[in-house]
Amino acid sequence: MSDPALIAHRGYAGVAPENTVGAAVAAASREDTAMIELDVQPAACGTPVVIHDRRLEGDPSRSRAGRLLTDAEGFVWEADLEAIQTASVLGTDEPVPTLADVLAAVPDSVGVNVELKHCGANDLRFAESLGPDERAERRALWTPFVERVVADCDAFGGDILFSSFCEGALAAAREVGPEYDTAVLVWDALESGIELARRYDCEAIHPPRNAIAGIPLAGTEYAGLGSAEPAVDIVETAHEEGRAVNVWTVETWVQYDQLAAAGVDGIIAEYPGLQRSPDPLSR
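Everything in the sequence shown is counted per the working numbering, starting at 292 for the first residue and increasing by one.
Pasting the structure below:
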């Protein structure tokens, strides 16, 4: 059994200040890292910056051991670029970087999964499959920001994979950067994820870790999915259609082993070093 590709979630957020240049560089320095995953949103000027939460101080529902995400406040897309770039991430010396900063700092031997997290709109239609009359409107909403993202990615020599929970973002990425691969992020409905992957001919689909049929993880609640066995074998379906399956977010080697045995292609991991080892005590 070959090991799935290891994708560093926010630059291995379990061991480094997430979505920072330092985290990305450290993740890229590891031989087992195939790709770095990061989140992008626009500053007030439209510049793509690398940060996950909508607010600079972090979303209240998301715990980071009592720490604020940064020492700045306010919605990311309403903040001046200078204020964002001088904000300290999780009490460290690492600031919030621009996408261009990160891409300039990592070697092109490592791929980058750019999650299109937010475009600055109030209503993103998160994890929805849109009707025909809505798709053009949502694509247009995302297009100005995606154009900025694609321009930054064009300067990077390595592989780029765009992913998003938002159909409008996927539609804009396909139109603005058709040369780049895309992936559907699945939240609470496998069928909708497969439908969107087909609609935009996505090269990959990114389901949560409990969405893979036939393993113990499928009996746990996570990412909007209940504890029932998945009705769809997403690995089999995706592979039959020529798509890769990269699973998020994996935190332990036990989870990694279950998913590897199920035949997934990539593991979006919170920690490095989760691959199988001949000696379990050496992990």
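From the three backbone atoms N, C-alpha and C, an ideal C-beta is built for every residue, glycine too. Please read these numbers as outputs of a predicted model, since none were measured by experiment.
Would you decide whether residue i is buried or exposed? Buried here means 16 or more other CB atoms lie within 10 Å of its CB.
i, result
"T543", "exposed"
"F436", "buried"
"S573", "In this prediction, S573 has a pLDDT of 46, which is less than 50 and means its spatial position is unreliable; what the coordinates show is noted afterwards. Per the 10 Å Cβ criterion, exposed."
"T377", "exposed"
"T511", "exposed"
"D445", "exposed"
"N413", "exposed"
"V405", "buried"
"P295", "buried"
Have a look at residue i and residue j and give me their C-alpha separation to the nearest angstrom.
i, j, result
"A495", "P386", "31 Å"
"G484", "L297", "22 Å"
"E482", "L381", "37 Å"
"P571", "E348", "Note that P571 has pLDDT 49, beneath the 50 cutoff, so the model's placement of it is unreliable and the number below is only indicative. Roughly 39 Å separates the two Cα atoms."
"I451", "I506", "30 Å"
On the DSSP letters alone, give me the boundaries of the beta strand (DSSP E) that residue i sits inside.
i, result
"G402", "402-407"
"W539", "535-541"
"T528", "Unbroken run through T528 is the alpha helix (DSSP H), 525-531; no beta strand (DSSP E)."
"V341", "339-341"
"V475", "472-476"
"A560", "557-560"
Is it true that the CB of residue j sits closer than 9 Å to the CB of residue i?
i, j, result
"V401", "T338", "no"
"G459", "R490", "no"
"I375", "A363", "yes"
"V312", "V393", "yes"
"W433", "F456", "no"
"A519", "V397", "no"
Let's see if you can read the secondary structure: which residues bound the alpha helix (DSSP H) around residue i?
i, result
"I485", "481-490"
"S548", "Before going on, a small fix: residue 548 reads as Asp here, not Ser. Segment 544-552, the alpha helix (DSSP H) holding D548."
- request: Jot down the residue ranges of each uninterrupted alpha helix (DSSP H) in the segment 386-455, minimum 4 residues, whole runs only, in chain order.
  value: 390-396, 423-445
query: Can you give, in chain order, each stretch of the alpha helix (DSSP H) that sits fully within the segment 294-334 and has at least 4 residues?
result: 312-319
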